Ligand code: THU
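In our numbering, the protein residues as written are -6 to 155.
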């Protein structure tokens, strides 16, 4: 009989009454602000991401779509690539993500897509420093905090296979 294995991940849930630290609150605010500048004429799904570096610097990004659909890029990768291209030696400590449908307020909590998880994992391993992922639901004010991108990517693919 094959053995069934199980993978468990830990994450924190902050409800409306739970206070999040001011540094993370600021990062979430930056992600929500970044939603405004998304270029999403095709999906009308506007995503903002904010990356905090170990030196305290915050770099934001938003999704950039294209008439040739697959040429577009998610908010998370726009933010992360921008951050590491400007500060190639500074580890990333956290990323916050939020989204808005159409012209609504940025209330949609967005977990990073698979491709963005893969990109985040690359830098987590490169800098040997965990990247915290913060996802806030703007409606319920619930915040999900995952301490490391590796937790979001079981059976991860990395350079060890090359
Ligand atoms: N999108 C992101 O920017 N981040 C995600 O994590 C999920 C999806 C964007 C890509 C596309 O522009 C739009 O949202 C709809 O998929």
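Each residue gets a CB set at the ideal place from its N, CA and C atoms; glycine is no exception.
None of the values given here were measured: they were computed from a predicted structure.
- Message: Pop quiz: residue 215 and residue 55 are said to be a contact at Cβ under 8 Å. What is the actual Cβ separation, rounded to whole angstroms?
- Response: Residue 215 cannot be examined here, being either before or after the span of the chain that is shown, -6 to 155.
- If you check the beta carbons only, do residue 93 and residue 126 fall under 9 Å apart? Translated into positions along the chain shown, residue 93 becomes position 100. Translated into positions along the chain shown, residue 126 becomes position 133. Against a cut-off of 9 Å, the Cβ pair of residue 126 and residue 93 comes out as no contact.
- Say yes only if the C-beta of residue 103 is nearer than 8 Å to one or more non-hydrogen atoms of the ligand THU, and no if none qualify. If you number the chain shown from 1, residue 103 lands on position 110. Residue 103: yes, Cβ under 8 Å from the ligand THU.
- Message: Using C-beta distances below 7 Å, list every residue in its chain close to residue 98, excluding the 5 sequence neighbours before and after it, in chain order.
- Response: Taking the chain shown and counting its residues from 1, one reaches residue 98 at position 105. So the qualifying residues of the chain are 131.
- First and last residue of the uninterrupted beta strand (DSSP E) at residue 45: Taking the first residue of the chain shown as 1, we reach residue 45 at position 52. From DSSP, the beta strand (DSSP E) with residue 45 extends over 38 to 46.
- In terms of residue numbering, what span does the beta strand (DSSP E) encompassing residue 127 cover? For the purposes of this step, residue 127 is identified with residue 134 of the chain shown, where counting begins at 1. Per DSSP, residue 127 belongs to the beta strand (DSSP E) from 125 to 129.
- Item | Cβ-Cβ distance between residue 24 and residue 91 below 9 Å | Here residue 24 is taken as the residue at index 31 of the chain shown, counted from 1. Here residue 91 is taken as the residue at index 98 of the chain shown, counted from 1. Contact flag set, yes.
- Query: Taking buried to mean at least 16 other C-beta atoms within 10 Å of its own C-beta, is residue 2 buried or exposed?
  - Reply: The residue you call residue 2 lines up with position 9 of the chain shown. Burial call: exposed.
- Message: Tell me which residues share the same chain as residue 100 and place their Cβ nearer than 6 Å to its Cβ, disregarding the 5 neighbours each side in the sequence.
- Response: Residue numbering aside, residue 100 sits at position 107 when the chain shown is read from its first letter. 131, 132.
- Task: Would you decide whether residue 0 is buried or exposed? Buried here means 16 or more other CB atoms lie within 10 Å of its CB.
- Result: Locating residue 0 in the chain shown gives position 7, where the first residue counts as 1. Classification of residue 0: exposed, given that the 10 Å Cβ count is below 16.
- Could you tell me whether the segment 112 to 120 touches the segment 138 to 147, using the rule of 3 or more Cβ pairs below 8 Å? yes
- Message: According to DSSP, residue 73 sits in a beta bridge with which residue or residues?
- Response: As a working mapping, residue 73 is identified with position 80 in the chain shown. Answer is none; residue 73 lacks a bridge partner.
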